[in-house]
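4 protein chains.
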Amino acid sequence: MRDKCGVVGISTAADDVARPIYYALYALQHRGQESAGIVTHDGFQQHSHIAMGLVGEAFDEADLVGLGGAAGIGHVRYPTAGSVEKSCAQPFTVSFKNGSLALCHNGNLVNAGELRGDLESLGHAFTSDGDTEVIAHDLARNLLRADLVRAVKRTMGRIHGSYSLTIMHDDTVLGVRDPEGNRPLCIGKVDDGYILCSESAAIDTLGGELIRDVCPGELIVLEDDGTGFESYQLIETDRTAHCFFEWVYFARPDSIIDEKLVYEVRREIGRSLWEESGIETDVVMPVPDSGRAFASGYVEAAPDTVEFAEGLMKNRYVGRTFIMPTQDERERAVRLKHNPIKSTVAGRTVTLVDDSIVRGTTSDQLVAVLRAAGAQEVHMRIGAPPIIAPCYMGIDMATRDELIATDRTIEEIRDVIGADSLKYISAGAVAKAICKDSSALCMACITGEYPYDIDGEQTDRPVTRPTIGEPPASADD
Amino acid sequence: MRDKCGVVGISTAADDVARPIYYALYALQHRGQESAGIVTHDGFQQHSHIAMGLVGEAFDEADLVGLGGAAGIGHVRYPTAGSVEKSCAQPFTVSFKNGSLALCHNGNLVNAGELRGDLESLGHAFTSDGDTEVIAHDLARNLLRADLVRAVKRTMGRIHGSYSLTIMHDDTVLGVRDPEGNRPLCIGKVDDGYILCSESAAIDTLGGELIRDVCPGELIVLEDDGTGFESYQLIETDRTAHCFFEWVYFARPDSIIDEKLVYEVRREIGRSLWEESGIETDVVMPVPDSGRAFASGYVEAAPDTVEFAEGLMKNRYVGRTFIMPTQDERERAVRLKHNPIKSTVAGRTVTLVDDSIVRGTTSDQLVAVLRAAGAQEVHMRIGAPPIIAPCYMGIDMATRDELIATDRTIEEIRDVIGADSLKYISAGAVAKAICKDSSALCMACITGEYPYDIDGEQTDRPVTRPTIGEPPASADD
Amino acid sequence: MRDKCGVVGISTAADDVARPIYYALYALQHRGQESAGIVTHDGFQQHSHIAMGLVGEAFDEADLVGLGGAAGIGHVRYPTAGSVEKSCAQPFTVSFKNGSLALCHNGNLVNAGELRGDLESLGHAFTSDGDTEVIAHDLARNLLRADLVRAVKRTMGRIHGSYSLTIMHDDTVLGVRDPEGNRPLCIGKVDDGYILCSESAAIDTLGGELIRDVCPGELIVLEDDGTGFESYQLIETDRTAHCFFEWVYFARPDSIIDEKLVYEVRREIGRSLWEESGIETDVVMPVPDSGRAFASGYVEAAPDTVEFAEGLMKNRYVGRTFIMPTQDERERAVRLKHNPIKSTVAGRTVTLVDDSIVRGTTSDQLVAVLRAAGAQEVHMRIGAPPIIAPCYMGIDMATRDELIATDRTIEEIRDVIGADSLKYISAGAVAKAICKDSSALCMACITGEYPYDIDGEQTDRPVTRPTIGEPPASADD
Amino acid sequence: MRDKCGVVGISTAADDVARPIYYALYALQHRGQESAGIVTHDGFQQHSHIAMGLVGEAFDEADLVGLGGAAGIGHVRYPTAGSVEKSCAQPFTVSFKNGSLALCHNGNLVNAGELRGDLESLGHAFTSDGDTEVIAHDLARNLLRADLVRAVKRTMGRIHGSYSLTIMHDDTVLGVRDPEGNRPLCIGKVDDGYILCSESAAIDTLGGELIRDVCPGELIVLEDDGTGFESYQLIETDRTAHCFFEWVYFARPDSIIDEKLVYEVRREIGRSLWEESGIETDVVMPVPDSGRAFASGYVEAAPDTVEFAEGLMKNRYVGRTFIMPTQDERERAVRLKHNPIKSTVAGRTVTLVDDSIVRGTTSDQLVAVLRAAGAQEVHMRIGAPPIIAPCYMGIDMATRDELIATDRTIEEIRDVIGADSLKYISAGAVAKAICKDSSALCMACITGEYPYDIDGEQTDRPVTRPTIGEPPASADD
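Dropping the structure here:
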């Protein structure tokens, strides 16, 4: 499933688990606005409610009341370019010989096609295109002949790619993170129980405490009575591939991912951005809201003569239902979304700070808006290195053709967007801000070297895909 | 799937098959109002649209335009007592090693649980409770090692119960009827192609011609180019079990089922009803609309002094969204639905004719309404024998406890509903009207003897359930 | 307001008047399917709920609970060709110096434009195009200087046209019928109170008793405590103009309008139709459901050799949301709505009986359907005389151009619709069936002579429009 | 109409005025989220579309296409405590003797009841409770006997209170601002025409230029062909009463109101806040987003040792459909909406800056959230003086009982919200930041002295309500 998503799993002693999951999904709403779903289990049976739209649109009070039980998992799904269908909404549920399974997946398998082919050879039939269904069928199959921990291990041995999963087998809630730790997953303590979730902000929201990140290759099994959890390091791994974009763009500023607060990483990158390429202009302003933390760090490192001020006002109401202006009214659309605060801009030299440039279209327009508002100079400073390669690990960023930096020098990009100067942060400074060696991060989109074995792409490490085609391991191995 | 449903399958030379399917579903709407769905195939891929509600609510013009292709199947589903869920709506679709499958099912399997257990043992996981998914998985599995005709034969050898199916494998449309022919299925010629459907009225609606009924145990494969069809008698059968209730209640009067026009069967039963138990009253009136054809036959056979007139006016707007009166306003609900035409009733002796009595609650109330309107005598004549046993073959009639006739004599029933006399037609007269030997009909609900092997029930013939647990037949048998 | 509508008004001792109004509107649903509304008054304030769609769509349980009070009025509105807007939905409500007014109107004023101009000259401003708002403003104005009865009388002296109104002034419910009695209105006794409504079937539905029709020119005021009603004959009238089409087409068969049961009128017309133009064919069949009562009377008068049978099956699901076939699929649309029962038709001579022919398009198609089904001859018999002129009194029938009979002889019409013979009932027979002198009926659509003073049309009696422009009557007249 | 709303009026040479009005309403969405409406006039007739919800929900492409014409007005409405009804949505439209009127109102009349009584005495009837309808009727009445300018002048002489109106008489668009200039209204040049709107940001959005504010007591009439506008100073006024809260809270930071950029006013207040009551803490943080500009000014004035950082993360998805936690889960609701960024807060002294305190409940909870996140000290600084009196001029703030400052000293308020210190800005500093004498502002909510004659309240100037009861001025005055 090519998507940036949010996953949750909770097991408590209380029997109203749908409510904390609902609030946790609200806290993860920024990770997916296409659909929202919750599946719970009351010890006897599953209850499920999945609907299109935001969490607040997908659930009403009656829906929550209908989701009985002390264990459950939840999911918010990111809108991808392709088919917007209810059939792809999660959690994905199946029932099989030994009970019921529900799965929430954040990430993307590299070998889903092969694994699906293998299962089809064994007679399996599928109702969706998603790789989540493939994982579900493989896991169900393995559960026929092995206990829970061994079944998960076997499935992990067969899938290759990025995955943070929350899983519910009958009323047991599990969490699994891929051996590279590409997507985030953490565990926390909440009232009467424990929670697995994509970001720690969801734990805060419930008044709970972050315990730690789930380790790459680790399986966490929550106790059914909410009293604790068990850990199984199912796959040893010596080199992680945490997605650096989580800190730069995806995650909430108030989340702690792999031990680093996102807001601090962004401010630190901002400071480094000044160190690497600072320029003294009258004013520094963020692209709201994405550039705010970077700009605040940048200004902090700059001399006092450099003023920090808001120069662009964002209209938060421009959303899904907005009727786009016709082609010759394009400027209106930009002005509707970002209107300059003229006194900040007019007659002044300006530095505009943003988190990243993907296609370059917004940057282009914002520079024009600032010039029209009277800016004498417009300099851009960017909190991520140039993006030159697509993501195969779960982020629907863009194809190579669409990326402005794929075949352009920085000078050429500056020319396209019309800025007086343009500087990107260095990859090293990003890694330093995250307090990790860059080899521990997935930086494929800025290097073109991938931590997985992807057809037609280079890899940055020795990896082999699992051999799927062999008969599934026998029950006594 | 315990339901009375309508199924359609069409293959044409034109590429807008969704439109004729849509109209055919309109013609079959009386067989199911809960949900409606169409799946088409354009040679490259499947297109699907399934939604809750009536056909007219489920589809708009854009939905039809989106359903490209020259082959397709469609379904209307009957609202059953239990869960009203989108996941149970049909057609049911899966993709597997050798392509895609879509299925529409009218009927009910007796051994779905066993077959599901067998498939689960082989590793299969299921997304719904329905027996349609069980058929789909079994058929997909058999298609791995056999061609289409042999695969259908193997699946038919493993399932036991009533089923009229329209199936689409990639863009090939098939129709299958169970060896007892319990549910109807017929084949017709339409513009540029052929149609399989539950009732011939759907063929009329398309301006087509009924060719014949699909035989019990027969597989029909429509040619992909709309030029013809092939027939395979996969299971020989010497004794059918056509549901007699199709003629008495379910089907449209203008449909021809197993060579007999429904309207004529009902009028003939009406005539026999007079022969068997006619009573000369001032007026004969139908319960609208179910009793109309019976009443017209009854009056035809009666002396000229017996007048035929409408005595009850039915409010056609009382439907799903009607807010029921509170308990002490019950009479209102009856009066809202059936109001007497006083001049027909007041001061006169009345014969009220209906098709059947299931729970007896409506009959009870209608007699009261007629008496309140001044009827001197109210006699009831019923076009079906007393219903004493539940249906396991696809009709969600009632449980034994709910059936008024299970443990009451006719005299006791007459007493409950408060009529001056009550007579049912004989089973023999029904069979005669249908022009079939009663042993060729399923009359289980009036005899308690079933044509299938059902746990805890008697059977009217030597039958054995298929042995499911054995390994599926090898590829070279 | 050019519309065929249904109106209700109830005053009871109980305080849940919304519920009986809701059921009464269900009983009047055939008179209007575009919108439904209820306004109640609890002694302190008005409560209102008005929504588009059928009664069952417009109201849910919570809506009824919110409509407190012991007095209320309700309305169902007919979909007219023009603008479908919520602003035209009724009851129409205004508040003014001396309280609140709510009005429900069935009919159409001939002089609404003049009256509106007069009120505008006095400074009034209007929120809708409807004549109901005009009546409301005039009545409110008169209530400033006169008590209720005198104010209604003054307004009746200024408006000209057809109107059956239910009105609520604060919590007092009134009913008014225009001096010609063009639209029906009756009064009945129900539990704890009294009801005013368009048709008596609504009274039956509530288990009540019809008391009598409201007289032309009469005002009925219901007692606030549900104990009775007062009558004021505000305008004496010597010649009524009851719309004969109410009996022939609009009203329910089980309603009694101006002392004649609609069903009996239709059967009697059927009998006369045989007397005037009977032809012996193998079978007589109604166009369902409009022709059923006529056909039954026709057959009753015919020799026994003429069989009565259903020959056309109507699909009741073809409604507002139906997607029409494209031009070259026209036949499909007819077949979807009316499918022949072939055994009744094939190889036989047929008489088809319907209530009326307006544009002729349906008749044309039905004859073709019967011929295609094998009818040897098709004869049409019609329960109303040829319609040659438009209706200005509240029925949105058609313009003169659209009426098939405006400039054709009967023989020419027969030719257009393709029947072997075509006969209409005589106007005299219709009047006789209604038991009224034809001069007491409005037959303008079949004579072209109107009972009101309409620009560009002839009248059948001496009438003058009220002189609106003069100053409103002083308070002491 | 007690509401904070946004109004627009545009007249252009092009004939697609609905589109720029739609975008202007998007720019004013923050002023009202309950309903949105547009009324246009194409020279022949009015077109109207008004619906509940946000602009993006209320309009789709087809709605805009249906709104033909070169002149139009639009409105967004603020959700008030009382009845949420479609009947209160605007623009309000009436038709009368001399054409059609449409009105959009931002503000609140003090003497609406009296004026309504006067009109009711003249026979007027009303369909809503709103004072907009009262203005409409009065203006329509005056237009009977006077030309446009004189009619507006007469109505302005009869209404008393705050009002910024956009009005359309047939296809002529007007703007009127009350003599005290309480609510904002400005005029701008856009492509092919002119615009009247509540805030200049709407002009920016259309790529236009702000010309100036409409003067208190001024009528602006836009030329029908979009070529210019006329000005009429209908009421001379020597003392304005601009609402200071527009700059502090309501308006967008990028709007210029009465010649002052809102963002600059807020920053300047922030600077004064430091001058008046600065305290050196480790970090200064805004309540997002309302306190951001104030905090940025405050930090700018503070020594360099005081760090500016985000300490609270706002969840923008918590909106109308959010299901509130139960009472004992209250903390969750706060944490869902505002989660602390712990590294900014933990172990540090904190200054939290917000725009105002109304009821005090949010402040209370935010202080608790910061303390729970480890703040050593929490100091609050507020960009508006204590609010001690309700607003009668169009802002649904709160009743006196609900205002935390009505009967508490600042020290007592500090104690309630649990801060270590609490300081409000002085009224003088606010006026200075707005560059106006405080006597030119309406500061009634912080002084208790009103610029209008309100029953039971004191006034800060000599005012008398208009005498409504007298006969309307004759046509020749």
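Protein chains in written order, with the numbering used here: chain A, 1 to 477; chain B, 478 to 954; chain C, 955 to 1431; chain D, 1432 to 1908. Note that beta-carbon positions come from the ideal geometry of N, C-alpha and C, so glycine has one too.
Item: Would you call the CB atoms of Leu1534 (chain D) and Thr1597 (chain D) closer than 9 Å?; Value: yes
Item: Compare the C-beta of Ile1422 (chain C) with all C-beta atoms of chain B and state if any pair is closer than 9 Å.; Value: no
Item: Give me the Cα-Cα distance between Val463 (chain A) and Glu114 (chain A), rounded to the nearest whole angstrom.; Value: 17 Å
Item: Please tell me whether Arg77 (chain A) has its Cβ less than 9 Å away from any Cβ of chain D.; Value: no
Item: If you drop the 5 nearest sequence neighbours on each side, which residues of the same chain put their C-beta closer than 7 Å to that of Val971 (chain C)?; Value: Ile964, Thr994, Gly1023, Ala1024, Ala1025, Gly1026
Item: Using the Cα positions of Leu578 (chain B) and His524 (chain B), report the straight-line distance between them to the nearest angstrom.; Value: 12 Å
Item: Quick one: is Arg1723 (chain D) buried, meaning 16 or more other Cβ sit within 10 Å of its Cβ, or exposed?; Value: buried
Item: If you follow the beta strand (DSSP E) that Ile1452 (chain D) is part of, which residue opens it and which one closes it?; Value: Unbroken run through Ile1452 (chain D) is the alpha helix (DSSP H), 1449 to 1458; no beta strand (DSSP E).
Item: For the candidate residues A:Val369, A:Leu336, A:Val94, whose alpha-carbon lies nearest to that of Val350 (chain A)?; Value: A:Val369
Item: Rounded to whole angstroms, what's the CA-CA distance from Leu1098 (chain C) to Met801 (chain B)? Just pull it up for me.; Value: 42 Å
Item: Pull the bridge partners of Val484 (chain B) from the DSSP assignment, please.; Value: B:His552
Item: Applying the criterion that 16 or more other CB atoms from any shown protein chain within 10 Å of the CB defines a buried residue, is Val542 (chain B) buried or exposed?; Value: exposed
Item: Can you find the residues in the same chain that come closer than 8 Å, C-beta to C-beta, to Glu1661 (chain D), ignoring five residues on each side of it along the sequence?; Value: Ile1651, Val1652, Glu1654
Item: Do Phe785 (chain B) and Phe1248 (chain C) have their C-beta atoms closer together than 9 Å?; Value: no
Item: Taking just the CA atoms, how far does His552 (chain B) sit from His582 (chain B)?; Value: 8 Å
Item: Taking Cβ positions, are Asp1125 (chain C) and Gly997 (chain C) nearer each other than 9 Å?; Value: yes
Item: Cβ atoms of Leu505 (chain B) and Ala679 (chain B): under 9 Å apart, would you say?; Value: yes
Item: Considering only residues of the same chain and omitting the five flanking positions on each side of Gly1053 (chain C), which have a CB-CB separation below 6 Å?; Value: Asp1124
Item: Classify Gly703 (chain B): buried if its beta carbon has 16 or more other beta carbons within 10 angstroms, exposed otherwise.; Value: buried
Item: Can you find the residues in the same chain that come closer than 7 Å, C-beta to C-beta, to Glu934 (chain B), ignoring five residues on each side of it along the sequence?; Value: Tyr927
Item: Would you mind stating whether Arg1335 (chain C) and Leu1306 (chain C) have Cβ atoms separated by less than 9 Å?; Value: yes
Item: For Ala1327 (chain C), which residues from the same chain have a beta carbon less than 7 Å from its beta carbon, with the 5 sequence-adjacent residues on both sides left out?; Value: Pro1294, Lys1296, Val1299, Ala1300
Item: Taking the straight line between their C-alpha atoms, what separation do you get for Asn619 (chain B) and Thr798 (chain B)?; Value: 45 Å
Item: Given Gly394 (chain A), which residues of its chain have a CB within under 7 Å of its CB, disregarding the five upstream and five downstream residues?; Value: Arg2, Asp3, Lys4, Asn106, Gly107, Asn108, Ser162, Arg183
Item: So the beta strand (DSSP E) Met1110 (chain C) belongs to, where does it begin and stop?; Value: Here Met1110 (chain C) belongs to no beta strand (DSSP E); instead the alpha helix (DSSP H) covers 1102 to 1112.
Item: So is Val561 (chain B) buried or exposed if we call it buried at 16+ other beta carbons inside 10 Å?; Value: With a pLDDT of 44 at Val561 (chain B), under the threshold of 50, the predicted position of this residue should be treated as unreliable, and no value is reported.
Item: Need the endpoints of the beta strand (DSSP E) that Tyr1117 (chain C) sits in, please.; Value: 1115 to 1123
Item: Less than 8 Å between the CB atoms is what I'm expecting for Glu1706 (chain D) and Ala1732 (chain D), so what's the real figure, rounded?; Value: 6 Å
Item: Looking only at DSSP bridge pairs, what is Glu695 (chain B) linked to?; Value: B:Gln710
Item: Can you name, in chain order, every residue of its own chain whose Cβ lies under 6 Å from the Cβ of Ala1205 (chain C), other than the five neighbours on each side?; Value: Glu1153, Ile1211, Val1216
Item: Can you give, in chain order, each stretch of the beta strand (DSSP E) that sits fully within the region 1776 to 1841 of chain D and has at least 3 residues?; Value: 1780 to 1785, 1808 to 1813
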